[in-house]
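Undergrad: First the structure, then my questions, so here it is.
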Amino acid sequence: MKESLLWGREEKSGSKRGKLIWEGLMMMSNNKVEKLKNTVKNSVPVRSSRMNMWMLRATTTVILWICIVQLTAFGDMWGPRVLKGWPSCFTHESAIIELPSTKPRVLPPKRVYKNNGYLMVSCNGGLNQMRAAICDMVAIARYLNVTLIVPELDKASFWADPSEFQDIFDLDHFITSLRDEVRILKELPPRLKQKVENGFLYSMPPISWSDMSYYKNQILPLIQKYKVVHLNRTDARLANNGQSIEIQKLRCRVNFSALRFTPQIEELGRKVINLLRQNGPFLVLHLRYEMDMLAFSGCTQGCNSDEVEELTRMRYAYPWWKEKIINSDLKRKDGLCPLTPEETALALRAFDIDQNIQIYIAAGEIYGGSRRMASLAKNYPKLVRKETLLEPSELQFFQNHSSQMAALDYLVSLESDIFVPTYDGNMAKVVEGHRRYLGFRKTILLNRKLLVELIDQYTSGALNWEEFSSAVKQSHADRMGGATKRLVIPDRPKEEDYFYANPDECLDPSEDDDMLSSTA
Numbered sequence: 001m002k003e004s005l006l007w008g009r010e011e012k013s014g015s016k017r018g019k020l021i022w023e024g025l026m027m028m029s030n031n032k033v034e035k036l037k038n039t040v041k042n043s044v045p046v047r048s049s050r051m052n053m054w055m056l057r058a059t060t061t062v063i064l065w066i067c068i069v070q071l072t073a074f075g076d077m078w079g080p081r082v083l084k085g086w087p088s089c090f091t092h093e094s095a096i097i098e099l100p101s102t103k104p105r106v107l108p109p110k111r112v113y114k115n116n117g118y119l120m121v122s123c124n125g126g127l128n129q130m131r132a133a134i135c136d137m138v139a140i141a142r143y144l145n146v147t148l149i150v151p152e153l154d155k156a157s158f159w160a161d162p163s164e165f166q167d168i169f170d171l172d173h174f175i176t177s178l179r180d181e182v183r184i185l186k187e188l189p190p191r192l193k194q195k196v197e198n199g200f201l202y203s204m205p206p207i208s209w210s211d212m213s214y215y216k217n218q219i220l221p222l223i224q225k226y227k228v229v230h231l232n233r234t235d236a237r238l239a240n241n242g243q244s245i246e247i248q249k250l251r252c253r254v255n256f257s258a259l260r261f262t263p264q265i266e267e268l269g270r271k272v273i274n275l276l277r278q279n280g281p282f283l284v285l286h287l288r289y290e291m292d293m294l295a296f297s298g299c300t301q302g303c304n305s306d307e308v309e310e311l312t313r314m315r316y317a318y319p320w321w322k323e324k325i326i327n328s329d330l331k332r333k334d335g336l337c338p339l340t341p342e343e344t345a346l347a348l349r350a351f352d353i354d355q356n357i358q359i360y361i362a363a364g365e366i367y368g369g370s371r372r373m374a375s376l377a378k379n380y381p382k383l384v385r386k387e388t389l390l391e392p393s394e395l396q397f398f399q400n401h402s403s404q405m406a407a408l409d410y411l412v413s414l415e416s417d418i419f420v421p422t423y424d425g426n427m428a429k430v431v432e433g434h435r436r437y438l439g440f441r442k443t444i445l446l447n448r449k450l451l452v453e454l455i456d457q458y459t460s461g462a463l464n465w466e467e468f469s470s471a472v473k474q475s476h477a478d479r480m481g482g483a484t485k486r487l488v489i490p491d492r493p494k495e496e497d498y499f500y501a502n503p504d505e506c507l508d509p510s511e512d513d514d515m516l517s518s519t520a
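Mapping of the sequence shown onto the UniProt record's numbering: residues 1 to 520, in sequence order.
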């Protein structure tokens, strides 16, 4: 009872005070307006009537604004009891527009170290060869305590892609996410930049498959002497093995975290993945059967005489493709050729891949076109590509930018239910390793040497279909992208397992066990 009486008194008192304040404000407003009118009436008529009217309106607006501010402050003080019944624009709840809560990004602390100089690098090759090289160069810069200048991408290779680093990767994220390991700058400091532009730059290719002792003993003294050293080739310049665990984990961190694609590429990649997911599970087939691959490898299985001649001319046209005379049949039997579309169709059927599954072709233009794709399309009619899923306008920006197109395929490949590369090139290897990191996602790693032998036996009638399919499945039971130790072959780095295909120092084998138990 006492509380309700107090509440009533407080409410009456609050209403009375609100009324008094409002009347006082309005009286003050009227007095000021009247005073202003008298002032204007009695002043020397120097200014025009238009100016006087403008001043009157401006002063009145300011006074009214002061009144509104005072009332709003009064409402915040006394709450909804005093302002009850006033328009909702004066209430505290409606004055706040709720925005999505975005937590500020927490940056790692900068690593403080004595800078030994600056390292410039020019990457060579396609997207995934450059991706691995960037990871290596970050690790080298960290080990040498030097400042890395944002890597330059290859623009002179077969693909002639003019893309800069920031056209493919999120540059600011790359720099800031690694600042606790190494200092990365977008360009040299002005004085050194001017020196380089004037032609004073020590440039060299490092030795392939080198360990960190080479960079410490050979490259670091050069950096300390010249202040800036430019490495003009970066492919496979750091050994797969024999590195400290810290270096190996840094290579993984760059690859799986720091090298994020631009928002535009990420967004379009998500759209493709969502379009595929709407229609169920999908398989990504990295069908490496483009013209440049066949010309480079010399593999002409299934090609007619005109095509063989065309591919040979192309191989001789590129001087950096050193191997010119190639025996295609012998190379195929050694397992060194990409599977043809026809061989791929047989392999997928042998693995009992559902013929109604969507197959996303992650590749460029298939050499031979629809003629060579006929067998695959007959067995797996749900073949799609980014060009068939997206509107031409959505891909317009990516035209003539092969690395940006490859980035889209990379994102889709990571998220597929099954990934099948028909050749162990750079994309196949890097995607394989990334899928292992993401939880040992199913990746069918084809044993091409054994597979073409089995295919030849089947097509010749030596094996029936059941025998062929059983042999294919049995021979690949342990080639599904699961946990395994990386094969190390001392003094033969080209023949051992590639670090980025199986970075087992960065993997958790228990995730593979969990995946197996969940599918059992």
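Using N, Cα and C, we set each Cβ at its ideal position, and we do this for glycine too.
Among the residues of its own chain, which have a CB less than 7 Å from the CB of S203, if the five just before and after it don't count?
TA: Within the same chain, S203 has close Cβ partners H230, N232.
Undergrad: Quick one: Cα of R313 to Cα of I134, how far?
TA: Computed Cα separation, rounded: 33 Å.
Undergrad: Taking only the alpha-carbon atoms, compute the straight-line gap between A345 and A407 and give it to the nearest angstrom.
TA: Answer to the nearest angstrom: the Cα atoms are 25 Å apart.
Undergrad: For the segment 461-468 against the segment 200-220, do three or more pairs of beta-carbon atoms, one drawn from each stretch, fall closer than 8 Å, so that the two count as touching?
TA: With the cut-off at 8 Å, the segment 461-468 and the segment 200-220 do not touch.
Undergrad: Measure the beta-carbon distance from F282 to Q355 and round it to whole angstroms, keeping in mind my assumption that it falls under 8 Å.
TA: 14 Å between Cβ atoms; not a contact.
Undergrad: Below 8 Å on the Cβ atoms is my guess for S416 versus N447; work out the distance and round it to an integer in Å.
TA: About 21 Å; that fails the 8 Å criterion.
Undergrad: Using three-state DSSP, classify E152 as helix, strand or coil.
TA: Of the three classes helix, strand and coil, the one that applies to E152 here is strand, per DSSP.
Undergrad: Can you tell me where the beta strand (DSSP E) with Y202 in it begins and where it stops?
TA: 202-204 is the extent of the beta strand (DSSP E) around Y202.
Undergrad: Going along the chain, which residues of its own chain have a beta-carbon closer than 7 Å to the beta-carbon of Y367, five neighbours each way excluded?
TA: If we look at Y367 and ignore the five residues flanking it on each side, its Cβ neighbours are Y289, E290, M291, L294.
Undergrad: For K114, tell me which candidate among C123, N145, D136 has the shortest Cα-Cα distance.
TA: Nearest C-alpha to K114: N145.
Undergrad: Excluding five sequence neighbours on each side, which residues of the same chain lie with their C-beta closer than 7 Å to the C-beta of S208?
TA: The residues are A236, R237.
Undergrad: Rounding to the nearest angstrom, what Cα-Cα distance links M212 and A377 in this structure?
TA: Distance between the alpha carbons of M212 and A377: 48 Å.
Undergrad: When the Cα atoms are used, what is the spatial distance from T147 to V472?
TA: Between T147 and V472, the C-alpha separation is close to 50 Å.
Undergrad: Exposed or buried, which one is V106 when buried takes at least 16 other CB atoms within 10 Å?
TA: Exposed, since its Cβ has fewer than 16 Cβ neighbours within 10 Å.
Undergrad: In the DSSP assignment, what are the bridge partners of M120?
TA: Per DSSP, H230.
Undergrad: I'd like the list of long-range same chain contacts for T443, defined as Cβ closer than 7 Å, with 5 residues on each side in sequence excluded.
TA: F419, E432, R435, M480, G481.
Undergrad: If you reduce the DSSP assignment to three classes, tell me which class P108 lands in.
TA: Reduced to three states, the DSSP call for P108 is coil.
Undergrad: Per the DSSP calculation, M413 is bridged to which residue(s)?
TA: Position check: residue 413 holds Ser in this sequence, whereas Met was assumed. According to DSSP, which records beta bridges pairwise, S413 is partnered with nothing at all.
Undergrad: The ligand NAD and K114: does any heavy atom of the ligand fall closer than 8 Å to the residue's C-beta?
TA: In the structure shown, the ligand NAD is absent, as is every other ligand, since no ligand is present at all.
Undergrad: Ordered along the chain, which non-local residues of its own chain (more than five positions away) have a Cβ less than 8 Å from that of L171?
TA: Cβ within range, chain order: V150, F165, K186.
Undergrad: On the DSSP letters alone, give me the boundaries of the beta strand (DSSP E) that Y360 sits inside.
TA: That run of the beta strand (DSSP E) goes 358-361.
Undergrad: Between L330 and E453, what straight-line distance do the alpha-carbon atoms span, to the nearest angstrom?
TA: Approximately 12 Å, taken between the alpha carbons.
Undergrad: Taking buried to mean at least 16 other C-beta atoms within 10 Å of its own C-beta, is A169 buried or exposed?
TA: Before going further, note that residue 169 is Phe rather than Ala in the sequence given. F169 should be labelled buried.
Undergrad: Give every residue of the same chain whose Cβ lies closer than 6 Å to the Cβ of K155, excluding the five residues on either side of it in the sequence, and list them in chain order.
TA: Cβ within range, chain order: P162.
Undergrad: Which one or two residues does DSSP pair with L383 in a beta bridge?
TA: Its beta-bridge partners are I359.
Undergrad: Could you compute how far the alpha carbon of W188 sits from the alpha carbon of H286?
TA: It is worth fixing the name first, because residue 188 is Leu in this sequence and not Trp. So the alpha carbons of these two residues sit roughly 39 Å apart.
Undergrad: Out of A132, A139, L192, which one is the CA nearest neighbour of Y118?
TA: Comparing Cα-Cα distances from Y118 to each of A132, A139, L192, the minimum goes to L192.
Undergrad: Mark T422 as exposed unless 16 or more other C-beta atoms lie within 10 angstroms of its C-beta, in which case mark it buried.
TA: When all chains shown are included, T422 counts as buried.
Undergrad: Note down, in chain order, each residue of its chain lying with its Cβ closer than 7 Å to the Cβ of K2, except the 5 sequence neighbours on either side.
TA: Its pLDDT being 41, under 50, K2 is placed unreliably in this model, and the value from its coordinates should be taken loosely. Contacts found: none.
Undergrad: Expressed to the nearest angstrom, what Euclidean distance is found between the alpha-carbon atoms of E152 and A477?
TA: Taking the straight line joining both Cα atoms gives about 41 Å.
Undergrad: Under 7 Å Cβ to Cβ from K485, same chain only, skipping five residues before and after it: list those, please.
TA: For K485, where only same-chain residues beyond five positions count, the Cβ hits under 7 Å are D504.
Undergrad: Cβ atoms of I184 and A141: under 9 Å apart, would you say?
TA: Yes. Within cutoff.
Undergrad: Any Cβ of chain C within less than 9 Å of the Cβ of I219?
TA: Here chain C cannot be found, since the structure has a single protein chain.
Undergrad: Taking all protein chains shown into account, do 16 or more other C-beta atoms lie within 10 angstroms of the C-beta of V46, making it buried, or fewer, making it exposed?
TA: Caution is warranted here: a pLDDT of 43 is assigned to V46, below 50, making its placement in the model unreliable, and no coordinate value can be reported.
Undergrad: For the beta strand (DSSP E) that contains P421, what are its first and last residues?
TA: Residues 418-421.
Undergrad: Tell me the rounded alpha-carbon separation between P509 and A132.
TA: In a straight line, the C-alpha of P509 is about 23 Å away from that of A132.
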